[in-house]
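Per this note's numbering, residue 4 is the first one in the sequence shown, and the count goes up by one each step.
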Amino acid sequence: MQHYKKSTSAMAVMKRVSKKTLSVILPVLMTLTLLPFFAFADSGAQTTIGGKTVEELQTHINDLYSDETIGTTGRLHRMQAFILELALHAKLKNPDFKIIPQDGIDLAFKDGVSANGVDEGILSLVDGWGIEGMVGNGPLTTPTTTQQKYIALKQAGIYVSDTTVVNTQQQLDNYYARANAWGIIPYPRIGGELAQSLFPGWRWAVNGDYFWVENPTTIGLSSRIDGTRNVNNLTDAKNYLYNINSRPYDAWDKWDAEEAAVVAEGGEGDRARIYDSYGSGLLVPSVGGQYKPVAGEDGDPTDIDGVKALYGDEWDWWWRQAGLNVNDGRKTWLEALRNSDYDVIYIDSFYNHRAFPENQTPLTKEEIDSLKVKSDGGRRQVIAYLSIGSAEQNRWYAQDEWTMADPNNPNTPRSMKAGTTTGSGASRVYTPAEEGTPTWLAFGYGGNYTEEAIVQWWDPAWRDIIINGDGQYNHKTTGDNTSSIDRIINQGFDGVYLDNVGVYSNSRWPSWETYWTANGGIPGGSVLSKFTFTYNGADVIDGSVPNTENDVWSADTSVLPNHTNTIPVPKLNLPTGMMANWVVTASQDPAYKVGDVIVNPSSIIAWKGITFKLRLVNIEGVSLSTKAIVRHDGGTLNVAVKTNNAVDLTAVSAELVDSNGNSLNPAISASGEIVSDSAILGLQLPFHLPVGTYTVKVTLGNNELQDMSQTFKVNLKPMSFALIPKNQNVNIGDMVTFSAKAAYGDENYTYQWQQLVKGAWTDIANTNSGDYTVKAALSLDNTTYRCVIKDTSGNSITSKEVTLKVKKK
Numbered sequence: 004m005q006h007y008k009k010s011t012s013a014m015a016v017m018k019r020v021s022k023k024t025l026s027v028i029l030p031v032l033m034t035l036t037l038l039p040f041f042a043f044a045d046s047g048a049q050t051t052i053g054g055k056t057v058e059e060l061q062t063h064i065n066d067l068y069s070d071e072t073i074g075t076t077g078r079l080h081r082m083q084a085f086i087l088e089l090a091l092h093a094k095l096k097n098p099d100f101k102i103i104p105q106d107g108i109d110l111a112f113k114d115g116v117s118a119n120g121v122d123e124g125i126l127s128l129v130d131g132w133g134i135e136g137m138v139g140n141g142p143l144t145t146p147t148t149t150q151q152k153y154i155a156l157k158q159a160g161i162y163v164s165d166t167t168v169v170n171t172q173q174q175l176d177n178y179y180a181r182a183n184a185w186g187i188i189p190y191p192r193i194g195g196e197l198a199q200s201l202f203p204g205w206r207w208a209v210n211g212d213y214f215w216v217e218n219p220t221t222i223g224l225s226s227r228i229d230g231t232r233n234v235n236n237l238t239d240a241k242n243y244l245y246n247i248n249s250r251p252y253d254a255w256d257k258w259d260a261e262e263a264a265v266v267a268e269g270g271e272g273d274r275a276r277i278y279d280s281y282g283s284g285l286l287v288p289s290v291g292g293q294y295k296p297v298a299g300e301d302g303d304p305t306d307i308d309g310v311k312a313l314y315g316d317e318w319d320w321w322w323r324q325a326g327l328n329v330n331d332g333r334k335t336w337l338e339a340l341r342n343s344d345y346d347v348i349y350i351d352s353f354y355n356h357r358a359f360p361e362n363q364t365p366l367t368k369e370e371i372d373s374l375k376v377k378s379d380g381g382r383r384q385v386i387a388y389l390s391i392g393s394a395e396q397n398r399w400y401a402q403d404e405w406t407m408a409d410p411n412n413p414n415t416p417r418s419m420k421a422g423t424t425t426g427s428g429a430s431r432v433y434t435p436a437e438e439g440t441p442t443w444l445a446f447g448y449g450g451n452y453t454e455e456a457i458v459q460w461w462d463p464a465w466r467d468i469i470i471n472g473d474g475q476y477n478h479k480t481t482g483d484n485t486s487s488i489d490r491i492i493n494q495g496f497d498g499v500y501l502d503n504v505g506v507y508s509n510s511r512w513p514s515w516e517t518y519w520t521a522n523g524g525i526p527g528g529s530v531l532s533k534f535t536f537t538y539n540g541a542d543v544i545d546g547s548v549p550n551t552e553n554d555v556w557s558a559d560t561s562v563l564p565n566h567t568n569t570i571p572v573p574k575l576n577l578p579t580g581m582m583a584n585w586v587v588t589a590s591q592d593p594a595y596k597v598g599d600v601i602v603n604p605s606s607i608i609a610w611k612g613i614t615f616k617l618r619l620v621n622i623e624g625v626s627l628s629t630k631a632i633v634r635h636d637g638g639t640l641n642v643a644v645k646t647n648n649a650v651d652l653t654a655v656s657a658e659l660v661d662s663n664g665n666s667l668n669p670a671i672s673a674s675g676e677i678v679s680d681s682a683i684l685g686l687q688l689p690f691h692l693p694v695g696t697y698t699v700k701v702t703l704g705n706n707e708l709q710d711m712s713q714t715f716k717v718n719l720k721p722m723s724f725a726l727i728p729k730n731q732n733v734n735i736g737d738m739v740t741f742s743a744k745a746a747y748g749d750e751n752y753t754y755q756w757q758q759l760v761k762g763a764w765t766d767i768a769n770t771n772s773g774d775y776t777v778k779a780a781l782s783l784d785n786t787t788y789r790c791v792i793k794d795t796s797g798n799s800i801t802s803k804e805v806t807l808k809v810k811k812k
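In structure tokens, the structure reads:
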């Protein structure tokens, strides 16, 4: 039984959150924070997404983030929250932006259990799911338990794509039969003897890689190809291209020098390793060629003699053998993509994404737009690759101090610093990375991917890197700290392919959790935080008093006629932001049990002997999930109050004040007979909160915690669509109207309707209106339109693309 101070205050509406089970030896930590997601977010004109209101989606995301329990389920919830936070952030900027996680299929379901059905947030915000090797190449079409989960997702209306390695013609036939039976969109990665059959003298690796723009007819996809098909939604797609690494087209002018450097250092070769998937197809037979093939890590050196017997010992790079210009790698890659008729293509947002950040060149918006039209005129979806479960040493955010020279890395000269583990199973031991490396670089990726590190994705610093932007890490040469997802949106991609979401179930997490629980608590904002305080000369660490004299306080009482006895509690001179609670360690009183917590009492009522142990409550202050807040038209600002054990939250209040110190609402505190370990204090915002600077003022009892108050700025709401144009299907001769309307921004909008003509967007004259009306003619059948809206400050938004279908009466 736990005892709580009662309050009759009716000043707040408190939302209760289920109590977490935590060890009693941990400190009671109370943090006053804004909800971890869009506590101020602008629900704006777009009030619903996928059948859910923005507020409902925000609440669901925050509920998932609030599960801070140790173990797989807690991590699963936090990864679900991370995916959905990114998705909502993107769709509030572009309602048609597509979200496609890869792997980790249990994330699609409530609490990770497929029998519970698809998670409500996933249904609303996720458009597709990708996987490598799920469909497989066996002869049977009866799905396994795991395969059935992907089929269930497809049946729920979500597009599912798969890429599987196939080594024989029979495996390829089996792969397509399975994909057809289950409704999965397939893309085979050709390897082994099938690769030599389809690409003689060119492909040798058993594990076919994903960096060639394959001819769909060659790999058996021709029946799924229609270059005139418009793919506006992923569910329109019948095929896709998995090309997330542009290695064959990357930096041709450096290949000779890099190969020479590897050989000079004693290596047998780099791109000449014909059996390695890393080098598959880069070196080909070529009369007069200056290179010879080598086996590499994945091949048998004795096989090379047979290869030379068939194709000779003169080989060269594939592009040189094809007569291509050494400086045309980027052009060749983009032309290969443009000239294909794939419905959906997955590519990296950088051309030379293996280069270090200072040398990378992201694809331009014009290049991305040029890829959205197939060679035969149909609209396709162009999707950007983004790893959100691992950090890569070559991405914009990577800092030099996170990386190290690594001559053993077969892919790149540098590897990522991170924590390490030794042993296995329950005996595995975790060691954090060296000092100066962020704690959220949890541990190395493993295998041949030492240039990557698995991250603690719920850490605020990583969330800033991937979603929010304006974080502490900048591109080391440009100084830009725009988030990864905003970079992709700004480049004009149709969506994002989220890799490494399945890292939440990695077998090394338990050792990581064990280490940090024993060493100050989970980093990055977890409730398991460490603090130190001195009480009567004794150091207080993690909430317990090690000095035996001060460790306990006993009260022996006698039964009075009214069966009550008031016991005064010792006065403690605590610093601002600290409260004292008392934990029962022994009791003869039937009203109290060992482990009960009496929260911040001035006295205790009891009638038998009780022994208590001091526990301190530490308030760490207010933290904002966003650096600049958009204008908010009234409503409630939710301030979350959390502890890792039940305390008296009525002692804490929050108030909103403007830059002149004027209060915008009464101070709000928690109320009710039972105070949980988590409550939400609702600050009522005035209508049309003006642009300016505001502060959340925090009070503990009668003391203002000035060093914990947080200042933030309110900016204009970004422009958004109040009305989005829709596809039209009409008869010839009908008058048809497309409509679009903007909201927020600096208002006084101008409208420009555009028509897609031969792959280029062309302005339609005299269309400065939210409505564009045209008479339907057969010549306009399958014409694509969009609307560009600008405000007086020059900000612009572009609507989704819509199609006019015209039929004869």
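All C-beta atoms, glycine included, are put in the ideal place defined by N, C-alpha and C.
Every value quoted in this text rests on a predicted model; they were computed, and no experiment measured them.
Is residue i helix, strand or coil by DSSP?
| i | result |
| --- | --- |
| residue 441 | coil |
| residue 165 | strand |
| residue 519 | helix |
| residue 722 | coil |
| residue 504 | helix |
| residue 350 | strand |
| residue 222 | coil |
| residue 463 | helix |
| residue 192 | strand |
| residue 802 | coil |
| residue 251 | helix |
| residue 72 | coil |
| residue 525 | coil |
Please state if the CB of residue j and the CB of residue i are separated by a distance shorter than 8 Å.
| i | j | result |
| --- | --- | --- |
| residue 274 | residue 258 | yes |
| residue 200 | residue 152 | no |
| residue 333 | residue 448 | no |
| residue 67 | residue 83 | yes |
| residue 459 | residue 445 | yes |
| residue 245 | residue 178 | no |
| residue 404 | residue 480 | no |
| residue 286 | residue 296 | yes |
| residue 418 | residue 407 | yes |
| residue 194 | residue 180 | no |
| residue 352 | residue 491 | yes |
| residue 55 | residue 123 | yes |
Identify the continuous beta strand (DSSP E) that holds residue i and give its terminal residues.
| i | result |
| --- | --- |
| residue 729 | Segment: none, residue 729 is in no beta strand (DSSP E) and carries neither H nor E. |
| residue 132 | 131-135 |
| residue 179 | Looking at the DSSP string, residue 179 is not in any beta strand (DSSP E); the run it does join, the alpha helix (DSSP H), is 172-185. |
| residue 793 | 786-793 |
Taking the C-alpha atoms as reference points, what is the distance between residue i and residue j?
| i | j | result |
| --- | --- | --- |
| residue 87 | residue 128 | 7 Å |
| residue 470 | residue 327 | 39 Å |
| residue 234 | residue 119 | 31 Å |
| residue 441 | residue 398 | 16 Å |
| residue 76 | residue 313 | 55 Å |
| residue 150 | residue 176 | 18 Å |
| residue 648 | residue 597 | Note that residue 648 scores a pLDDT of 40, beneath 50, so its modelled location is shaky and nothing firm can be said. |
| residue 811 | residue 92 | 42 Å |
| residue 777 | residue 807 | 10 Å |
| residue 329 | residue 277 | 21 Å |
| residue 558 | residue 599 | Because the pLDDT of residue 558 is 44, which lies under 50, any placement of that residue in the model is unreliable, and the number read from its coordinates should be weighed accordingly. Computed Cα separation, rounded: 15 Å. |
| residue 369 | residue 740 | 29 Å |
| residue 232 | residue 242 | 11 Å |
| residue 728 | residue 801 | 11 Å |
| residue 349 | residue 431 | 37 Å |
Could you tell me the boundaries of the alpha helix (DSSP H) in which residue i lies?
| i | result |
| --- | --- |
| residue 819 | With the chain covering only 4 through 812, there is no way to say anything about residue 819. |
| residue 369 | 368-374 |
| residue 267 | 258-267 |
Could you tell me whether the segment 737-744 touches the segment 715-726, where touching means 3 or more Cβ pairs closer than 8 Å?
yes
Stretch-stretch touch, CB-based, cutoff 8 Å, three pairs: the segment 334-349 with the segment 294-306
No, the segment 334-349 is not in contact with the segment 294-306.
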